[in-house]
Structures are given as C-alpha cells and as structure tokens.
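Residue numbers (full-length UniProt numbering): 1 to 282.
For each residue, glycine too, the CB sits at the ideal point set by N, CA and C.
Quick notes on the structure that follows.
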C-alpha cells in the first residue's frame with residue numbers, strides 16, 4: 001500500500017533522546033551507519049517548570065488493556081524521522097499547528113497516537129508504534145512538552161483522512177507465539193545478546209578513554225520479547241535497521257538479527273582497539 005509522503009518541517013520536534021547516553025560506532029562495519037550504545041536516560045530542562053522523566057519504565061507489560069491482534073481501530077498518526085519501540089521513552093516538543101490540534105484532541109481522550117517512521121528515501125512506512133502521553137506540559141504559546149511511552153505496534157490498513165493530520169485504520173501486531181521448548185532457547189538467546197551488548201559498551205568506553213567499569217545488568221528481568229525491543233531501541237543511528245526490527249513478528253528472528261549486528265560491531269571495535277594499542281596517538 002502506497003503511503004503519502006508526509007515529511008515534517010524541523011519545527012515539528014526539536015528533541016529526541018534515547019534511553020541511554022549515546023556513543024556512535026560503525027554498524028555492520030559500514031561507516032555510513034552507526035550503532036548507539038546507551039547507559040542512562042536524561043531529559044534536559046528547558047525552563048524551571050519543564051518535565052523530567054526516568055527511563056526505568058521499560059516494562060514487560062506495556063499497557064494494562066492490550067488490544068487484540070484482530071481489532072481494527074482508528075488512530076491519529078505522527079510521522080517522524082525516528083522509530084519508536086514498545087516500552088521506550090520518547091520526549092517531544094510540539095509546536096507545529098496541526099500537531100498542536102492533535103494534542104488538544106488527545107488530551108481530552110485516551111492520550112495515544114501512532115508514531116510512524118518517515119524519511120525522504122523511504123517515505124512513510126506502514127508499521128509503527130503507539131506512543132502514549134505519560135507526562136505533558138502546555139506552555140502559554142500553546143506549545144507542548146511531552147514524555148511518551150511506546151506501547152503496541154500496529155500496521156496501517158487504510159487512511160481515514162489526511163487533514164489537519166493523518167488518521168488511519170490500523171491493526172495490531174504481536175510476535176507469534178513460540179513452539180514447545182522455545183522459551184528456554186529464547187532466554188538463552190537474549191542472554192547472548194546481553195553479553196554482546198556488555199562487550200560493546202566495555203570496548204567503546206575503552207576507545208573513548210573512559211574507565212572500563214563492569215557493565216551492570218542490561219536485561220533488568222525483561223522477558224525476551226520486550227528485551228529485543230529494548231536492544232533495537234539502542235540502534236539509534238540506523239533507523240532503517242530499527243524499522244526492520246520493529247516489523248519482525250518473531251522474537252527469535254529479531255534477537256538473532258540483533259546478535260549479528262552486535263557481533264559485527266564488536267568485531268569492528270576490537271580491531272579499532274588493537275590499532276589504538278599499536279598506535280596510541282592515532
């Protein structure tokens with residue numbers, strides 16, 4: 001299904017921070033793509049009354065009343081040049097007129113809208129993630145500061161209207177249930193992915209001249225599926241790869257793809273670290 005080209009002006013958003021502090025590295029040994037490792041979330045205050053939010057809310061259950069996969073609902077859409085994942089935190093500042101209208105409507109209803117990735121090359125994709133407003137501040141000039149949390153994934157099936165903002169009919173996406181014995185395999189796979197993440201963080205700290213402290217628990221008791229979304233959310237410099245991970249409906253496939261990405265990144269960092277040891281001034 002062809003989706004309309006609806007790119008934002010830069011005024012639509014002015015800030016997007018991931019859950020952890022970024023350090024950029026090559027993704028799949030390609031210098032045009034970057035892997036972002038993140039350690040802690042911070043939301044800068046823009047004025048004394050601005051909002052702040054902790055990133056400790058990446059939870060196993062993203063919404064108390066999760067919709068059924070065969071439900072068809074209407075959802076307002078917000079195309080952005082980024083990918084939101086279930087459980088992730090997204091801070092936004094909104095002052096484009098059409099999205100201020102949308103926010104006025106949402107604040108009187110269920111506080112939920114669809115975040116859907118768009119760029120000049122790809123256009124607007126079909127699969128996105130619901131963002132639920134968990135904190136907001138309305139300023140005197142009618143701008144909004146928002147803290148949103150990723151909820152369910154969805155696929156656009158039909159556009160209801162395009163003005164003043166996009167509204168579409170969507171169906172919900174869920175990962176397919178695993179077969180017998182797959183739970184233990186998924187858990188082991190998630191642990192492998194966590195191990196690679198820790199090694200990437202350790203080496204990246206070394207290359208940046210930071211202390212090589214032991215990396216704490218990254219998984220935080222998350223089950224494999226939400227952990228796979230958390231891992232994907234750290235690939236901040238590669239939105240197309242993130243979009244591909246968001247669209248997968250198989251946790252094992254998503255974790256395996258993340259494992260491969262992390263392994264390639266680790267290989268690059270290992271080589272870079274060896275070069276640095278031989279040529280310390282380079």
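First through last residue of the beta strand (DSSP E) which encompasses residue i
| i | result |
| --- | --- |
| residue 167 | 167–173 |
| residue 154 | 144–161 |
| residue 291 | This structure cannot speak to residue 291, because the chain is shown only from 1 to 282. |
Exposure of residue i, with buried meaning 16 or more beta-carbon neighbours within 10 Å
| i | result |
| --- | --- |
| residue 257 | buried |
| residue 209 | exposed |
| residue 176 | exposed |
| residue 212 | exposed |
| residue 230 | buried |
| residue 280 | exposed |
| residue 274 | exposed |
| residue 24 | Below a pLDDT of 50, predicted positions are generally treated as unreliable, and residue 24, at 33, falls in that range; the measurement from the model is reported next regardless. That one is exposed. |
| residue 156 | buried |
| residue 88 | buried |
| residue 121 | exposed |
| residue 118 | buried |
| residue 109 | exposed |
| residue 188 | exposed |
| residue 48 | Residue placement at residue 48 cannot be trusted, given a pLDDT of 29 that sits under 50; what the coordinates show is reported in the next sentence. Exposed. |
Residue i vs residue j beta-carbon contact at 8 Å
| i | j | result |
| --- | --- | --- |
| residue 106 | residue 113 | yes |
| residue 246 | residue 166 | no |
| residue 132 | residue 145 | no |
| residue 116 | residue 125 | yes |
| residue 227 | residue 190 | yes |
| residue 81 | residue 239 | yes |
| residue 216 | residue 83 | no |
| residue 200 | residue 266 | yes |
| residue 72 | residue 169 | yes |
| residue 152 | residue 86 | yes |
| residue 204 | residue 269 | yes |
| residue 249 | residue 218 | no |
| residue 253 | residue 225 | no |
| residue 161 | residue 94 | no |
| residue 259 | residue 192 | yes |
| residue 158 | residue 147 | no |
| residue 150 | residue 222 | no |
| residue 164 | residue 220 | no |
| residue 154 | residue 92 | no |
| residue 276 | residue 207 | yes |
Delimiting residues of the alpha helix (DSSP H) encompassing residue i
| i | result |
| --- | --- |
| residue 276 | 251–278 |
| residue 226 | 224–233 |
| residue 243 | 239–247 |
| residue 97 | 97–106 |
Beta-bridge pairing of residue i - partner residues as DSSP gives them
| i | result |
| --- | --- |
| residue 117 | 80 |
| residue 131 | 113, 150 |
| residue 136 | 146 |
| residue 75 | 168 |
| residue 123 | 119 |
Min CB distance residue i to chain C below 8 Å
| i | result |
| --- | --- |
| residue 119 | As a matter of chain content, chain C is missing from the structure shown, which is built from one protein chain. |
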